[in-house]
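Below is one structure; the comments refer to it alone.
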Amino acid sequence: MHRFFADPSQIGEKEIVITGPDINHIRNVLRMRTGEEILIADGQGSEYRCLLREIREDEVRAEICWKLDGSAELPSAVTLFQGLPKSDKMDFIVQKCVELGVSRIVPVSTRRTVVKLDAKKEESRRKRWTGISESAAKQSGRGVIPEISGVMSFREALEEAEKLDVCLIPYERAENMAHTREVLGGIPSGSSIGIFIGPEGGFEEEEVEKAMAAGAKPITLGRRILRTETAGMAVMAMLGYLLEE
Numbered sequence: 007m008h009r010f011f012a013d014p015s016q017i018g019e020k021e022i023v024i025t026g027p028d029i030n031h032i033r034n035v036l037r038m039r040t041g042e043e044i045l046i047a048d049g050q051g052s053e054y055r056c057l058l059r060e061i062r063e064d065e066v067r068a069e070i071c072w073k074l075d076g077s078a079e080l081p082s083a084v085t086l087f088q089g090l091p092k093s094d095k096m097d098f099i100v101q102k103c104v105e106l107g108v109s110r111i112v113p114v115s116t117r118r119t120v121v122k123l124d125a126k127k128e129e130s131r132r133k134r135w136t137g138i139s140e141s142a143a144k145q146s147g148r149g150v151i152p153e154i155s156g157v158m159s160f161r162e163a164l165e166e167a168e169k170l171d172v173c174l175i176p177y178e179r180a181e182n183m184a185h186t187r188e189v190l191g192g193i194p195s196g197s198s199i200g201i202f203i204g205p206e207g208g209f210e211e212e213e214v215e216k217a218m219a220a221g222a223k224p225i226t227l228g229r230r231i232l233r234t235e236t237a238g239m240a241v242m243a244m245l246g247y248l249l250e251e
């Protein structure tokens with residue numbers, strides 16, 4: 007069944023009005039017809055099973071059959087602080103980490119970050135990443151579209167991370183996997199969690215030290231060195247396995 011998102015302001019007691027790009031997707035791409043069933047999520051964890059009742063050029067109206075409580079979210083809100091990578095690697099990171107349940111992604115400019123974005127480029131990239139987040143949320147059956155924040159400096163990211171209950175930083179000099187299992191296994195369900203992933207080349211020693219001083223817990227991802235676009239996914243998969251109810 008096809009899934010769409012609607013702003014809560016578009017959701018009434020008996021029907022939902024869909025506007026924007028989804029109209030073209032429903033009418034011309036999927037070629038849907040009245041009477042077909044769709045799922046509509048409000049972006050806040052709830053979703054509605056609906057019947058298409060009216061498909062027009064400027065709006066689509068769907069009758070609410072029943073409301074479902076969203077069940078596809080992790081019990082913990084996870085924020086990925088991702089060092090800005092080169093090329094289109096961030097597109098891949100956003101897509102896959104959204105599929106794995108991340109709640110928010112914060113692009114971070116670190117000392118080894120090669121990519122430098124001016125305000126115009128940053129807004130353009132953020133808009134694209136937000137679109138990828140929405141598409142991945144639809145595909146994976148989520149009821150929430152994870153937020154893609156503006157680019158932060160490493161200092162700003164640490165300040166954000168200090169607001170969370172737990173913060174993790176994969177580090178090649180961290181203790182063995184038994185210690186990592188202990189750290190991850192000790193995270194209570196419902197905790198807010200931050201993950202710091204460096205860009206190509208990783209973090210500098212001083213950055214890791216500052217993160218640890220701010221409360222980040224170093225963990226290992228095993229004996230193999232992972233690419234920046236793989237490391238975040240590895241941690242998300244570990245957390246999903248441990249926290250999923």
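Letter by letter, the sequence shown follows residues 7 to 251 in the numbering used here.
From the three backbone atoms N, C-alpha and C, an ideal C-beta is built for every residue, glycine too.
Taking just the CA atoms, how far does K126 sit from P253?
Since the displayed the chain opens at 7 and closes at 251, residue 253 lies outside it and no answer follows.
Does the contact criterion of 3 or more C-beta pairs under 8 Å hold for the region 93 to 101 versus the region 213 to 220?
The region 93 to 101 vs the region 213 to 220: no contact.
Going straight from the alpha carbon of A12 to that of D124, what length do you get?
Walking along the sequence shown from the start, residue 12 turns up at place 6. Walking along the sequence shown from the start, residue 124 turns up at place 118. A12 and D124 have their alpha carbons spaced roughly 31 Å apart.
According to DSSP, is F209 part of a helix, a strand, or is it coil?
Counting from 1 along the sequence shown, the entry for residue 209 is found at position 203. F209: coil per DSSP, three-state reduction.
If you follow the beta strand (DSSP E) that R55 is part of, which residue opens it and which one closes it?
For this step, residue 55 is matched to residue 49 along the sequence shown. Residues 52 to 61.
Kindly indicate which residue of V35, G204, T85 has the alpha-carbon position closest to the one of F160.
Counting from 1 along the sequence shown, the entry for residue 160 is found at position 154. Here the closest residue by C-alpha is G204.
For L106, the nearest candidate out of S139, R131, V23, E60 (CA to CA):
Taking the first residue of the sequence shown as position 1, residue 106 is located at position 100. Out of S139, R131, V23, E60, S139 has the C-alpha closest to the C-alpha of L106.
Short Cβ contact (9 Å threshold) for A167 with A220:
Your numbering for residue 167 matches position 161 in the sequence shown. Your numbering for residue 220 matches position 214 in the sequence shown. Going by C-beta atoms, A167 is nearer than 9 Å to A220.
Is G89 near T119, with beta carbons less than 9 Å apart?
Taking the first residue of the sequence shown as position 1, residue 89 is located at position 83. Taking the first residue of the sequence shown as position 1, residue 119 is located at position 113. Yes, Cβ-Cβ distance for G89 and T119 is below 9 Å.
Alpha carbon of L170 to alpha carbon of S109, nearest angstrom:
Along the sequence shown, one-based indexing puts residue 170 at 164. Along the sequence shown, one-based indexing puts residue 109 at 103. Their backbone Cα atoms lie some 13 Å apart in a straight line.
In chain order, each alpha helix (DSSP H) run of at least 4 residues that lies wholly inside the region 182 to 245
With a minimum length of 4 residues, the continuous alpha helix (DSSP H) runs that stay inside the region 182 to 245 are 183 to 191, 211 to 219.
A78 (DSSP reduced to helix, strand or coil):
Mapped onto the sequence shown, residue 78 falls at position 72. In the three-state scheme derived from DSSP, where H, G and I count as helix and E and B as strand, A78 is classed as coil.
Cα separation between L80 and K133?
As a working mapping, residue 80 is identified with position 74 in the sequence shown. As a working mapping, residue 133 is identified with position 127 in the sequence shown. Using only the alpha carbons, I get a separation of about 25 Å.
Exposed or buried, which one is K144 when buried takes at least 16 other CB atoms within 10 Å?
As a position in the sequence shown, residue 144 is number 138, starting the count at 1. If you draw a 10 Å sphere on the C-beta of K144, you find 16 or more other C-beta atoms in it, and that means buried.
Grouping DSSP H, G and I as helix and E and B as strand, with all else coil, what is S15?
Along the sequence shown, read from residue 1 onward, the residue named residue 15 stands at position 9. If DSSP states are grouped into helix, strand and coil, S15 belongs with the helices.
Assign P113 to one of two classes, buried (16 or more other C-beta atoms within 10 Å of its C-beta) or exposed (fewer than that).
Here residue 113 refers to the residue found at position 107 of the sequence shown. Counting the other Cβ atoms within 10 Å of the Cβ of P113 gives 16 or more, which makes it buried.
Determine the contact status of G228 and M158, defining contact as a CB-CB distance below 9 Å.
Reading the sequence shown from its first residue, position 222 is the one you call residue 228. Reading the sequence shown from its first residue, position 152 is the one you call residue 158. No. Outside cutoff.
For the putative contact between A253 and S198, defined by C-beta atoms under 8 Å, what is the C-beta separation to the nearest angstrom?
Here the chain covers residues 7 to 251 and nothing more, so residue 253 does not appear.
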